[in-house]
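Only one structure is covered here, and it is reproduced in the block below.
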Amino acid sequence: MRDMIKLFVAVALFSMVAGGLLASVREATKERIEVQQLTFVKGPALSQILEGCTNNPLDDRFKLKDNGKDIDFFVAEFDGKKNTVAFESYGKGFGGDIGVIVAVNLETDEIVGIGVTTHSETPGLGSRAKTDPSFAAQFKGLSINNPFKVKSDGGEIDAISGATVTSRGVCAAVTAASETYKQYKNEIMKNIQA
Amino acid sequence: MAKSIVQEFTKGLWAEVPPFRLVLGLCPTLAVTKSLENGVGMGVAVTFVLVCSNVLISLLRNAIPKKVRIACYIIVIATFVTVVELVMQAYAYPLFLQLGIFIPLIVVNCILLGRAEAFAAKNKVIASLADGLGMGIGFTLALAALSVFREILGNGTLTFPFIGYSIHNVLGPSFQPFVFLVQAPGAFVCLGLMLCIMNMLGKK
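In order, the protein sequences belong to chains A and B. Numbering (our numbering) for the first sequence: 117 to 310. Numbering (our numbering) for the second sequence: 9 to 212.
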């Protein structure tokens with residue numbers, strides 16, 4: 117019995133020290149990891165769709181809570197006015213969730229551009245949603261209040277040939293973004309002016 | 009244990025080089041050697057964990073109760089692996105994206121537990137440090153050798169780690185990459201050839 121207790125104490129002590137160490141390393145690297153993720157995952161898509169903005173949207177960001185989940189909003193400045201906001205939303209694709217960054221003009225409610233960030237679609241077919249700019253370009257200039265559907269579902273978006281499910285997923289992500297936008301527009305405005 | 013510290017260090021470089029002689033740690037050897045950058049990145053991560061866990065386990069070798077030693081070793085190894093994972097995310101994010109799941113999988117790498125159980129638990133700290141460092145560097149060199157071979161023939165490129173410089177078309181512009189070699193079956197074939205060469209050289 118005494119042996120058993122000794123074993124318990126030894127393992128418990130080890131776990132405690134390990135846990136404490138990991139927590140402190142995590143705390144120390146947390147901020148940097150977040151910046152790195154933003155730069156490498158969302159950065160390329162952001163700089164593509166917000167081409168020509170005069171600030172760095174990665175620095176000009178704020179968070180809002182949506183059902184307990186944080187959403188990052190990136191503010192872009194065009195012609196000296198902070199009038200565009202970009203954020204990520206998700207839609208179900210062929211191989212899992214597709215992450216899409218949607219940039220919206222706050223004055224006209226028009227989409228400035230969209231860009232796929234993360235996906236696990238079939239290489240060469242669904243992956244073209246990210247690599248082929250002509251698909252994403254279809255969303256440019258549309259009002260955020262549009263219903264976003266592919267043509268075979270009665271909408272206006274040309275699906276990528278061979279990747280209808282992926283195209284639907286992107287449309288679903290943009291639709292989700294439009295809901296978020298409508299719901300939080302006032303808060304977004306408040307945050308930008310502040 | 010009459011071996012000198014130097015011998016403990018150098019045995020990992022040739023006589024007992026982990027993937028080819030001990031045939032340990034094959035999972036990362038097969039999976040990440042698609043490019044030199046990935047291979048060396050993985051090797052450095054493993055070396056760091058191996059040195060730290062070897063030293064710590066050797067220090068605590070009398071404090072760890074024999075019956076729960078494996079659990080304690082795993083806690084030590086898993087802790088250092090998680091530290092590596094977090095640091096890599098913070099300072100080398102593209103490499104982290106490339107290696108992905110294989111970083112956490114270092115925990116179950118046989119080399120680490122094998123060296124902890126077979127060496128660090130029975131030897132003094134300095135010898136364990138030398139052993140860990142030698143094994144780690146040997147592992148890194150083995151991965152580098154395998155990945156240089158696979159990257160040049162299978163992709164036609166060579167990416168140097170850390171400096172981000174890469175050569176396109178190592179074998180000239182008309183070279184058609186032998187894509188088979190960067191896929192999973194190619195890893196087995198390359199590893200087999202490597203083992204064959206090592207055995208031939210060691211036979212004398």
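The C-beta atom is built at its ideal place from N, Cα and C for all residues, glycine as well.
Alpha carbon of residue i to alpha carbon of residue j, nearest angstrom
i	j	result
residue 257/A	residue 226/A	5 Å
residue 12/B	residue 209/B	25 Å
residue 45/B	residue 99/B	15 Å
residue 124/B	residue 81/B	7 Å
residue 86/B	residue 115/B	5 Å
residue 174/A	residue 230/A	16 Å
residue 179/A	residue 298/A	16 Å
residue 238/A	residue 232/A	14 Å
residue 58/B	residue 164/B	32 Å
residue 9/B	residue 162/A	Below a pLDDT of 50, predicted positions are generally treated as unreliable, and residue 9/B, at 49, falls in that range; no measurement from the model is reported.
residue 186/A	residue 127/A	36 Å
residue 279/A	residue 245/A	9 Å
residue 123/A	residue 76/B	7 Å
residue 206/B	residue 34/B	16 Å
residue 248/A	residue 112/B	33 Å
residue 159/B	residue 14/B	33 Å
residue 265/A	residue 255/A	11 Å
residue 234/A	residue 117/A	54 Å
CB contact check: residue i to chain B, cutoff 8 Å
i	result
residue 142/A	yes
residue 243/A	no
residue 148/A	yes
residue 137/A	yes
residue 152/A	yes
Under 7 Å by beta carbon: chain A residues contacting residue i
i	result
residue 75/B	123
residue 87/B	134, 137 and 138
Chain A residues whose Cβ lies nearer than 9 Å to that of residue i
i	result
residue 80/B	126, 127 and 130
Best match in the options for proximity to residue i [C-alpha to C-alpha]
i	options	result
residue 157/A	286/A, 121/A, 217/A and 296/A	217/A
residue 213/B	27/B, 16/B, 15/B and 183/B	Any answer about residue 213/B is impossible in this case: the structure gives chain B only from 9 up to 212.
residue 133/B	205/B, 40/B, 69/B and 35/B	69/B
residue 121/B	171/B, 150/B, 73/B and 83/B	83/B
residue 119/A	104/B, 73/B, 137/B and 94/B	73/B
residue 155/B	108/B, 92/B, 195/B and 67/B	195/B
residue 170/A	189/A, 267/A, 150/A and 194/A	194/A
residue 282/A	172/A, 262/A, 208/A and 305/A	208/A
residue 137/A	127/B, 94/B and 128/B	94/B
Beta carbon proximity, residue i to chain A, threshold 8 Å
i	result
residue 83/B	yes
residue 9/B	The pLDDT assigned to residue 9/B is 49, lower than 50, so where the model puts this residue is not dependable, and the model offers no usable value.
residue 14/B	no
residue 231/B	The displayed coordinates of chain B run from 9 to 212. Any statement about residue 231/B would go beyond what the structure contains.
residue 90/B	yes
residue 44/B	no
Proximal residues of chain B, C-beta to C-beta of residue i below 8 Å
i	result
residue 145/A	94, 95, 97 and 98
residue 156/A	101, 102 and 105
Interface flag, residue i vs chain D, CB-CB below 8 Å
i	result
residue 173/B	Although the question refers to chain D, the structure presented lacks it and instead comprises the protein chains A and B.
Within chain B, partners of residue i - CB distance below 7 Å
i	result
residue 161/A	Residues of chain B passing the Cβ test: none, with the nearest at roughly 15 Å.
Any non-hydrogen atom of the ligand NAD within 7 Å of residue i CB
i	result
residue 85/B	The model depicted lacks the ligand NAD and carries no ligand whatsoever.
| task | Count the C-beta pairs between the region 138-148 of chain B and the region 16-27 of chain B that are closer than 8 Å, then say yes if the count reaches three, no if not. | result | yes
| Can at least three beta-carbon pairs, one atom from the region 176-186 of chain B and one from the region 197-207 of chain B, be found at a separation below 8 Å? | no
| said: Would the region 86-96 of chain B count as touching the region 183-193 of chain B if we require 3 or more Cβ pairs under 8 Å? | reply: no
| request: Report yes or no: do the region 283-295 of chain A and the region 202-213 of chain A share at least 3 C-beta pairs separated by less than 8 Å? | output: yes
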